[in-house]
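Student: Quick one: the structure is below, questions incoming.
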Amino acid sequence: MKVLLVDDEQPARAELRWALARVEPDLHVGEAANAAEALRELRSGGYDAVFLDVRMPGLSGLQLAELLAELPQRPLVVFVTAYAEHAVRAFELEAADYLVKPVDEARVARTVARMHRLLAEARPTGRAARRLWVELDNENLKPLDLADVAWFEAREKKVYAHAPGGPYRVDQTLKQLEEWLPPAFVRVHKSAIVNLEHVAEVVPWFSGAYRIRLKDGATVKMSRRHAAGFWKAGGGR
Numbered sequence: 001m002k003v004l005l006v007d008d009e010q011p012a013r014a015e016l017r018w019a020l021a022r023v024e025p026d027l028h029v030g031e032a033a034n035a036a037e038a039l040r041e042l043r044s045g046g047y048d049a050v051f052l053d054v055r056m057p058g059l060s061g062l063q064l065a066e067l068l069a070e071l072p073q074r075p076l077v078v079f080v081t082a083y084a085e086h087a088v089r090a091f092e093l094e095a096a097d098y099l100v101k102p103v104d105e106a107r108v109a110r111t112v113a114r115m116h117r118l119l120a121e122a123r124p125t126g127r128a129a130r131r132l133w134v135e136l137d138n139e140n141l142k143p144l145d146l147a148d149v150a151w152f153e154a155r156e157k158k159v160y161a162h163a164p165g166g167p168y169r170v171d172q173t174l175k176q177l178e179e180w181l182p183p184a185f186v187r188v189h190k191s192a193i194v195n196l197e198h199v200a201e202v203v204p205w206f207s208g209a210y211r212i213r214l215k216d217g218a219t220v221k222m223s224r225r226h227a228a229g230f231w232k233a234g235g236g237r
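In UniProt numbering, the protein residues as written are 1 to 237.
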């Protein structure tokens, strides 16, 4: 992924560059000190996202975002500012995220994960659509092949991908995953989505519910409410 940092204060750009390097060392990062420099860079093409300071001499970050909306291939926009009161206007401009200075590494990690998800959704037939960015214990990110994910679980207001070496924390809700994942992933419970390719057997349970046993030995509850969708997706019953 290629990103552009736009801020008239060099120390602020350096701070954000450092945080991004900690989160994703392979990120390609460009810099611009004002809107005019940013437009020149962006028109050269290839940028996936822009981190914009809101208050800058000349065109503000908000005004620059309005101009970016007119580009043939609009990059994702993340606002970075010390002024939280601009958040409403930022999201009216369809910002991918809004960071408040001083930037926090863990918060930047979540922003990068969200950017990867949005880019994958914009290119549903590309390589990115077959991968999901997940969080490690040290708050770094890693790409996870969807084929390796046996199931997703929601618990304690967080969502986890169960795969070898996991579970891994993901940034999306189950509803967002359900809308984005390929057809092999099926909602089976209010707190679970399973990958049909990893199902070993389905065991009838009480009151029309089931237990799904996965190839890795895990057991996932399937509610009566979600059973019909499971059988339809799996070609059974």
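Every residue gets a Cβ at the ideal spot worked out from N, C-alpha and C, and that includes glycine.
Under 8 Å: do the region 215-232 and the region 168-175 share three or more Cβ pairs, one atom per stretch?
Tutor: Touching, no, given that fewer than three Cβ pairs across the two stretches are closer than 8 Å.
Student: Name the residue from MET1, ARG43 and LEU52 whose alpha carbon lies nearest to the alpha carbon of ASP7.
Tutor: Here residue 7 corresponds to residue number 7 of the sequence shown, with the count starting at 1. Nearest option by C-alpha distance: LEU52.
Student: So, at 8 Å on beta carbons, what are the nonlocal neighbours of GLU197 in its own chain, with the 5 sequence-adjacent residues on each side left out?
Tutor: What you label residue 197 is simply residue 197 of the sequence shown in a count that begins at 1. Cβ neighbours of GLU197 beyond the five flanking positions: ALA147 and ALA184.
Student: When the Cα of ASN34 is compared with those of VAL159, ALA106 and GLY61, which residue comes out closest?
Tutor: Mapped onto the sequence shown, residue 34 falls at position 34. Closest by alpha carbon: GLY61.
Student: How is the beta strand (DSSP E) around LYS175 delimited, first residue to last?
Tutor: Mapped onto the sequence shown, residue 175 falls at position 175. Element bounds for LYS175: not the beta strand (DSSP E) but the alpha helix (DSSP H), 174-180.
Student: Can you list the alpha helix (DSSP H) stretches of 4 or more residues lying completely in the UniProt domain "Response regulatory" (2-116), in chain order?
Tutor: The UniProt domain "Response regulatory" (2-116) contains these whole alpha helix (DSSP H) runs: 10-23, 35-43, 61-68 and 87-92.
Student: Does the beta-carbon distance from ARG211 to TRP205 come in below 9 Å?
Tutor: Counted from its first residue, the sequence shown places residue 211 at position 211. Counted from its first residue, the sequence shown places residue 205 at position 205. Closer than 9 Å, so yes.
Student: Closest to TRP151 by C-alpha separation, out of LEU141, PRO143, ARG224 and GLY166, would be which residue?
Tutor: Here residue 151 refers to the residue found at position 151 of the sequence shown. Considering only alpha carbons, the answer is GLY166.
Student: Using a Cβ-Cβ cutoff of less than 8 Å, which residues in the same chain neighbour ARG107 once the five nearest sequence positions on both sides are dropped?
Tutor: Counting from 1 along the sequence shown, the entry for residue 107 is found at position 107. For ARG107, where only same-chain residues beyond five positions count, the Cβ hits under 8 Å are LEU99.
Student: Which runs of the alpha helix (DSSP H) spanning at least 4 residues fall entirely within the UniProt domain "HTH LytTR-type" (132-236), listed in chain order?
Tutor: Taking only runs of at least 4 residues, the alpha helix (DSSP H) segments lying wholly in the UniProt domain "HTH LytTR-type" (132-236) are 174-180 and 224-234.
Student: With a threshold of 7 Å on Cβ separation, who are the neighbours of THR125 within its own chain once the five nearest residues in sequence on each side are excluded?
Tutor: Mapped onto the sequence shown, residue 125 falls at position 125. Residue confidence is low: THR125 scores 47 on pLDDT, short of 50, so the model does not pin down where it sits. Its coordinate-derived value is still stated next. There are no such residues.
Student: Does ALA36 pass the burial test, meaning 16 or more other C-beta atoms within 10 Å, or should it be called exposed?
Tutor: Here residue 36 corresponds to residue number 36 of the sequence shown, with the count starting at 1. ALA36 comes out exposed.
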